[in-house]
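Let me begin by presenting the structure, written as structure tokens, before commenting on it.
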Amino acid sequence: MSDVKILAIETSCDETAAAVVKNGKEILSDVVHTQIPVHTLYGGVVPEIASRNHIEKIDAVISKALSDAGETFDSIDAIAVTRGPGLVGALLVGVAEAKAISFATGKPLIGVHHIDGHISACYIENDLKPPFFCLVVSGGHTTLLKVEDYGEYRHLAGSVDDAAGEAFDKVARSLGLGYPGGPKVQKAAEDGDSGAYTLPQPKVSGGYDFSFSGLKTAVLNTINAVKMRGEEISVPDMAASFQQTVIYTLMGHCFAAIGDECLPFALCGGVAANGPLREAFRSECEKRGMPFFTPSIHYCTDNAAMIGVAAYHMFKKGDFAELDLNATPSLPFAG
Ligand code: KG4
Ligand code: ZN
């Protein structure tokens with residue numbers, strides 16, 4: 000097959016992103032406009048503001064992605080877009096834009112699942128090929144999969160309630176650390192003692208599924224109990240204790256689910272940007288002789304390059320969308 004260049008668009012939450020990806024591997028351009036400063040004022044993502052901001056920025060972000068890559072609408076082979084899951088208004092901006100470009104240029108349209116994108120980020124800087132185990136930890140998902148082939152997943156375990164990233168964000172808020180929670184908890188934890196507060200490692204009966212809602216409640220209860228005693232919570236100690244409990248829980252469940260099978264292991268999604276989490280998985284994989292992969296921090300959090308990589312494997316299968324493609328906020332994941 001001759002070279003395939005895909006223009007990819009991602010607007011599922013609070014980043015307006017576009018990229019041009021060649022042959023599912025070479026990132027010709029990668030533009031991310033983050034809305035963090037806008038939402039910081041409100042302590043979290045405000046969906047309506049996110050949608051408006053995407054509308055304001057999307058054309059400039061796409062133009063920059065094309066010009067950085069030295070490409071034009073004429074020279075690309077397909078347009079890919081995140082079709083779900085995410086905030087409906089935010090997704091719709093990207094989907095409408097991609098459909099308009101596809102209609103105007105006659106180039107095929109590819110609708111990508113956001114989690115397929117996060118998993119595909121593992122292919123960007125690494126020489127990783129299926130099969131491998133993959134833990135996706137983001138603001139909306141905590142899922143352990145066996146990646147059997149490109150875009151083909153076998154589900155091994157998942158969260159029954161809050162995703163790991165959601166727990167980081169909620170705990171950050173209850174500690175007064177604000178938004179975005181994950182990086183702030185990690186920073187605060189640097190000066191903390193992870194053994195200072197004993198938090199439960201949430202259990203789910205049967206299987207290897209995760210639960211983070213109980214852990215978040217345990218943090219809240221501990222904060223309240225400390226306050227009731229007229230004492231002050233140590234934010235660094237609580238951040239470190241919480242972070243360590245999340246790491247132990249994820250590691251315990253993942254390696255129990257994997258058992259003795261020795262395959263490469265990949266860690267991805269926004270929470271995979273967490274330094275101590277990356278190091279814990281790296282070192283356990285080393286002990287087990289499992290090659291360990293994780294995208295660089297930029298490709299852990301939301302970006303369009305990962306959508307372009309996922310779309311390439313769909314392009315090869317002829318998995319195209321029609322112009323009636325819609326945004327699906329709670330799009331189920333096949334894995
Ligand atoms: O993948 P992502 O950018 O968006 C979703 O698909 O959800 O993930 C965002 C999540 C947020 O919950 C954020 O707090 C978390 O990733 N996150 C982190 C870190 N950086 C981002 N969590 C822990 N430590 C970090 N350094
Ligand atoms: Zn994401």
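In numbering that gives the first Met the number 0, the protein residues as written are 0 to 334.
All C-beta atoms in this analysis are idealised placements derived from N, C-alpha and C, irrespective of residue type, glycine included.
Point to revise | Cβ-based burial, N223 [other Cβ within 10 Å; buried from 16] | key: As a position in the sequence shown, residue 223 is number 224, starting the count at 1. Its Cβ having fewer than 16 others within 10 Å, N223 is exposed.
Check your understanding: Sorted by chain position, which residues of the same chain lie with C-beta nearer than 8 Å to S329's C-beta, five sequence neighbours on each side aside?
Key -> Taking the first residue of the sequence shown as 1, we reach residue 329 at position 330. Counting only Cβ-Cβ distances below 8 Å, and skipping sequence neighbours, we find G83, P84.
**Study point:** Heavy atom of the ligand KG4 within 7 Å of G138 beta-carbon
**Key:** Counting from 1 along the sequence shown, the entry for residue 138 is found at position 139. Yes, Cβ of G138 sits closer than 7 Å to a heavy atom of the ligand KG4.
Point to revise | Three-state secondary structure assigned by DSSP to D126 | key: One-based indexing of the sequence shown puts residue 126 at position 127. Coil, per DSSP.
Practice item. Look at A17 and I75 and say whether their C-beta atoms are less than 8 Å apart. Key: The residue given as residue 17 occupies position 18 in the sequence shown. The residue given as residue 75 occupies position 76 in the sequence shown. Not closer than 8 Å, so no.
Check your understanding: Which residue's Cα is closest to the Cα of F241: E285, E230, S295, E165?
Key -> Here residue 241 refers to the residue found at position 242 of the sequence shown. In this structure, E165 is the residue among E285, E230, S295, E165 with its C-alpha nearest to the C-alpha of F241.
Practice item. Report the option in V136, E151, V234 whose CA atom is closest to the CA atom of N273. Key: Reading the sequence shown from its first residue, position 274 is the one you call residue 273. Comparing Cα positions, the closest option is V136.
Review point. Taking just the CA atoms, how far does E47 sit from V20?
Key: Indexing the sequence shown from 1 puts residue 20 at position 21. Indexing the sequence shown from 1 puts residue 47 at position 48. Taken atom to atom, the span from the alpha-carbon of V20 to that of E47 is near 30 Å.
Check your understanding: When the Cα atoms are used, what is the spatial distance from N52 to E260?
Key -> For the purposes of this step, residue 52 is taken as residue 53 along the sequence shown, with counting starting at 1. For the purposes of this step, residue 260 is taken as residue 261 along the sequence shown, with counting starting at 1. Cα-Cα distance, rounded: 46 Å.
Check your understanding: Does the beta-carbon of L40 have 16 or more other beta-carbons within 10 angstroms, so that it is buried, or is it exposed?
Key -> Start at 1 with the first residue of the sequence shown, and residue 40 comes out as number 41. Exposed.
Practice item. Would you mind working out which of H112, G180, T248 sits nearest V170, comparing C-alpha positions? Key: The residue given as residue 170 occupies position 171 in the sequence shown. Sorting H112, G180, T248 by C-alpha distance to the C-alpha of V170 places G180 at the top.
Check your understanding: Could you give the uninterrupted runs of the alpha helix (DSSP H) lying entirely in the region 96-163, keeping only those of 4 residues or more?
Key -> Taken in chain order, the unbroken stretches of alpha helix (DSSP H) that lie wholly in the region 96-163 and span 4 residues or more are 113-119.
Review point. In the structure shown, what three-state DSSP assignment does G83 receive?
Key: Within the sequence shown, residue 83 is the residue found at index 84, counting from 1. DSSP places G83 within a strand segment (E or B) once states are collapsed to three.
Exercise for review: Give a yes or no on whether the C-beta atoms belonging to F72 and T104 are separated by under 8 Å.
Suggested key: Position 73 of the sequence shown, counted from the start, is the residue given in the question as residue 72. Position 105 of the sequence shown, counted from the start, is the residue given in the question as residue 104. Against a cut-off of 8 Å, the Cβ pair of T104 and F72 comes out as a contact.
Exercise for review: Might you give, ordered along the chain, the residues of its own chain that have their beta carbon closer than 8 Å to the beta carbon of M250, omitting 5 neighbours on each side?
Suggested key: What you label residue 250 is simply residue 251 of the sequence shown in a count that begins at 1. These residues qualify, in order along the chain: A279, F280, E283.
Point to revise | Contact the region 228-236 vs the region 256-270: 3+ CB pairs below 8 Å | key: Contact between the region 228-236 and the region 256-270 is absent: fewer than 3 CB-CB pairs across the two stretches fall below 8 Å.
Review point. If you measure from the CB of D301, is any heavy atom of the ligand ZN nearer than 7 Å?
Key: As a working note, residue 301 is residue 302 in the sequence shown. Because some heavy atom of the ligand ZN lies under 7 Å away, the Cβ of D301 counts as near it: yes.
Point to revise | C133 CB to nearest heavy atom of the ligand KG4 below 7 Å | key: As a working mapping, residue 133 is identified with position 134 in the sequence shown. No; taking the cut-off as 7 Å, the Cβ of C133 has no heavy atom of the ligand KG4 nearer than that.
Practice item. Measure the alpha-carbon distance for T244 versus G229 and round it to whole angstroms. Key: Counting from 1 along the sequence shown, the entry for residue 244 is found at position 245. Counting from 1 along the sequence shown, the entry for residue 229 is found at position 230. Each residue's alpha carbon lies about 26 Å from the other.
Check your understanding: Where does C12 fall in DSSP's three states?
Key -> Here the question's residue 12 lines up with position 13 in the sequence shown. Three-state result, C12: coil.
Review point. Hey, out of A195, A163, F132, whose CA is closest to P290's CA?
Key: Taking the first residue of the sequence shown as position 1, residue 290 is located at position 291. Taking P290 as reference, the option from A195, A163, F132 with the minimal CA-CA separation is F132.
Check your understanding: Do I78 and A304 have their C-beta atoms within less than 8 Å of each other?
Key -> Here residue 78 corresponds to residue number 79 of the sequence shown, with the count starting at 1. Here residue 304 corresponds to residue number 305 of the sequence shown, with the count starting at 1. Here I78 is not near A304, since their CB atoms are 8 Å or more apart.
Practice item. Can you tell me which of the three DSSP states E25 falls into? Key: One-based indexing of the sequence shown puts residue 25 at position 26. Here DSSP, grouped into helix, strand and coil, assigns E25 to strand.
Point to revise | Three-state secondary structure assigned by DSSP to T197 | key: The sequence position of residue 197 within the sequence shown is 198, counting from 1. In this structure, T197 counts as coil in the three-state DSSP scheme.
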